[in-house]
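Mapping of the sequence shown onto numbering that gives the first Met the number 0: position 4 corresponds to residue 3, and the numbering continues sequentially without gaps. Using N, Cα and C, we set each Cβ at its ideal position, and we do this for glycine too. Because the structure is a prediction, the values reported are computed rather than measured. Beneath this line is the structure, given in structure tokens, with notes to follow.
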Amino acid sequence: MDHIYIPDRSSTWKTIRAGYEIINMSSNIDESLKKDLKVILFAKGALIP
């Protein structure tokens, strides 16, 4: 193995945080849907290799 790619996690976390904030600030999204979307965002962040 010559090299290993290490992803830039800081930019990924910033993207996840931005998505979370957009969902959180939106007033036209049902609260239960907001909760589900936040869980999905955090799950995606936890699964970053």
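- Relative to the Cα of Phe41, the nearest Cα in the group Asn27, Arg16, Ser10 and Ser9 belongs to Arg16.
- When rounded, the separation of the alpha-carbon atoms in Ser9 and Ser25 is 24 angstroms.
- Only residues of its own chain outside the window of five on either side were considered, and among them Ile22 and Leu36 have a CB closer than 8 angstroms to the CB of Ile28, listed in chain order.
- In the DSSP assignment, Ile28 falls outside any alpha helix (DSSP H) and carries neither an H nor an E.
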